[in-house]
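Beneath this line is the structure, given in structure tokens, with notes to follow.
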Amino acid sequence: MSNTSIPRKMDLHNNLEKEKQNWESFQRCVRGKQLFLFGAGKGLNHFLCSYGKEVHIDGVIDNNPCIQGQKLGTCCAEAWQTEYDTLPVYAPKVLMEYSRQSIVVLITSTCFYEPMSKQMEAMGIENCYVLAIIEEDKQNRLTGKELSKKNDEINDNLIDEYYHQNIEEKKIIMLIGMYGSHAKQITKALLKIRTDLDIVWIVDDMRLKVPDGVRLIYAKNWKSWYYEMVTAKIWLFDDITPSDVKKRKGQIYIQVKHWGSITLKAFYLDDKSPVLTEEVAEKIKRDGERMDYLFSGSEFDERSCRSGFGFQGKSVRVGSPRSDVLFDSTVRKKVFSYFRLEDKVNICLYVPTYRLKNLEPGHEVSLSLKMVQLIKALEDKWGGIWYIFVRVHPCLTFEGEDICQNKNIINVGQYADSQELVAASNVLITDYSSIMFEVAYIRKPVFLYAPDRKKFINGERKLLIDYDSLPFPIAETNEQLVQNIESFEHTSYKTKLGSFMDKYGVHEDGHASERAAKFINDIIMQF
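This note's numbering numbers the first residue of the sequence shown as 3 and each following residue consecutively.
And the structure:
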């Protein structure tokens, strides 16, 4: 969380004048002009903390639409609760409203200042400086180590002040990243019970539409979300919580995990892949020890979480709140309206999981599903018009087919709620994603396409359930997949699903979020 000196990560070889920039020339240039800072990330935090009192800032611009239109204090930790708190973050086009000679732009980005500099040149901005360059001159007077020590002292004092604030009995803080999954459905259920709660979501995108009664906090503003966590009565997270935030006496931590009532792959402490380093394992163990409750959906779910999280608290059997949306008949219309589809068409959702190679720089895994052939097989089996919704990990690619060239193949990766896509679909195809089970809750057809099955199961990830025991038709080639679709028989499939769900004690009814909300409300009513 501490601020350090700005590293030089690339040189502006094509602009020697910028290479000669220094702090004195910047200060001379900015006199009598309006200063705009370009970039609302770590570099801006550093600038405000170190030099914010030395110059006056008239505006901030950023290319990220997720924060455009927000107050700077919302997006930037060092602006929060300062004189720059209410300064708006603009899109760069706002500069076109000013005379080019009347403004100076200081690029604060630590990584992308070369393309940002070119962007300013293309807009005709002549007075453009780069913090990473002028910082070299400034560091001759105040070293990076001195800056870091100074900033750490400021932040430590601020954090100590947070822990002297009262815990707010009606404040619930949820997740870090997106407004979705279990917590979204629990939030909606809570708001039906009462409207006096302060429900705080930590998100990456401040443009998200949320119900009245929900506050959004920007995930990159650590001071803001740290304060909210320290003062919230209840933490509700679907992943491990930030280890540097201390859980206080009287706070309650509910773990909801980010899957349904049953999962296929081993996770966290049970995941023996290279991702589980000793450092990561220790963080997971510490977090598991401070979890008070776990919302689970089955005995299997509880056992796997006690092992995977190192969870030692009390399990509360509520079901899978995020899966409630699958029982909502209005969701299909919402999704179809978003993608401008006619009501009569059919959807096959394709959701392959990522491979560990995806996590290594420069590596991509290519999947060879022949989607045009798949569409024909679906049409031959069930008739009507079929679309393929493709939702893949960003690192996954496809061999041979450009999905953008076929109007019946739609990349739905940007759609926020994957459960709504499941609810709107007629058929699902995946490989190892546990989303397969959620489709099965409402007895829709699921087909497994796993061309790298042996490699994945034997070397990639440990599975909690024998793959061959799954109640879904398995294919390792496109030809097998087509054959499985052709021979699919729904009555026997539903019988097989029922036996499988009975075996693992999974029985969803669309009311899990109501049970979870009631449990949370009962806790709050105690205080």
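In this text, a Cβ means the ideal position worked out from N, Cα and C, and glycines have one as well.
What you are looking at is a predicted structure, and each value in this text was computed from that prediction instead of being measured.
Run the CB neighbour count on residue i, radius 10 Å, all protein chains shown included, and call it buried at 16 or more, exposed below.
i	result
THR112	buried
GLY461	exposed
LYS151	Caution applies to LYS151, whose pLDDT of 48 falls short of 50 and renders its modelled position unreliable; the value that the coordinates give is listed next. So LYS151 counts as exposed.
GLY182	buried
GLN407	exposed
GLY252	exposed
GLU128	exposed
THR110	buried
PRO67	exposed
PHE474	buried
GLN167	exposed
MET527	exposed
TYR220	buried
ARG357	buried
PHE529	exposed
SER119	buried
TYR165	exposed
ASN413	exposed
GLY61	buried
LYS235	buried
HIS15	At HIS15, the pLDDT of 42 sits below 50, so the modelled position is not reliable; the number obtained from the coordinates is stated separately. Burial call: exposed.
My guess is that residue i and residue j are in contact by the Cβ rule of under 8 Å, so how many angstroms apart are they, rounded?
i	j	result
LEU465	ALA268	7 Å
PHE302	VAL318	No, PHE302 and VAL318 are not in contact; Cβ-Cβ is about 15 Å, not under 8 Å.
TYR451	VAL392	The pair is not a contact, with the Cβ atoms about 13 Å apart (cut-off 8 Å).
SER300	SER263	5 Å
ASP273	ARG455	Not quite, the Cβ-Cβ distance comes to about 19 Å (not below 8 Å), so this is no contact.
ASN523	ILE195	5 Å
VAL394	GLY415	7 Å
PRO453	THR479	7 Å
VAL216	THR189	6 Å
GLN485	VAL327	So it is not a contact: roughly 32 Å between Cβ atoms.
PHE521	VAL320	7 Å
Check whether the Cβ atoms of residue i and residue j sit closer than 7 Å, and answer yes or no.
i	j	result
CYS350	ILE390	yes
SER306	GLU510	no
THR233	GLU163	no
LEU218	TRP237	no
ALA124	CYS77	no
ALA81	LYS225	no
ILE59	TYR92	no
ILE69	MET208	yes
ILE487	LYS383	yes
PHE329	GLY512	yes
ASP200	LYS172	yes
GLN23	ILE135	yes
CYS31	VAL106	yes
ILE437	LEU266	no
HIS184	VAL96	no
LYS316	TYR340	no
Between the alpha carbons of residue i and residue j, how many angstroms are there, rounded?
i	j	result
CYS51	THR84	11 Å
GLN482	SER322	32 Å
ILE411	VAL337	15 Å
SER104	GLN36	6 Å
SER245	LEU343	45 Å
GLY179	VAL277	20 Å
ILE525	SER101	58 Å
TYR115	LEU39	12 Å
CYS130	TYR417	37 Å
LEU149	GLU137	Because the pLDDT of LEU149 is 44, which lies under 50, any placement of that residue in the model is unreliable, and the question is left without a value.
GLY507	VAL448	20 Å
VAL247	GLY385	55 Å
LYS378	LYS211	37 Å
VAL57	GLY45	16 Å
ILE174	LEU472	38 Å
TYR434	PRO354	7 Å
GLY34	LEU108	15 Å
TYR495	GLN314	37 Å
ASP504	LEU74	52 Å
GLU440	HIS492	17 Å
HIS48	GLY54	9 Å
GLN271	GLU280	Note that residue 271 is Leu in the sequence shown here, rather than Gln. Roughly 10 Å separates the two Cα atoms.
LEU346	SER420	Note on identity: in this sequence residue 346 is Lys, with Leu being the wrong assignment. In a straight line, the C-alpha of LYS346 is about 21 Å away from that of SER420.
ASN223	GLN72	12 Å
| Per the contact definition of three or more C-beta pairs closer than 8 Å, is the stretch 273-293 in contact with the stretch 507-522? | These segments do not touch.
| query | So, do the stretch 86-104 and the stretch 223-239 have three or more beta carbon pairs nearer to each other than 8 Å? | reply | They do not touch, by the three-pair rule.
| Contact the stretch 413-429 vs the stretch 441-449: 3+ CB pairs below 8 Å | These segments touch.
| field | Cβ contact check for the stretch 487-500 and the stretch 243-259: 3 or more pairs under 8 Å | value | At 8 Å Cβ cutoff, the stretches do not touch.
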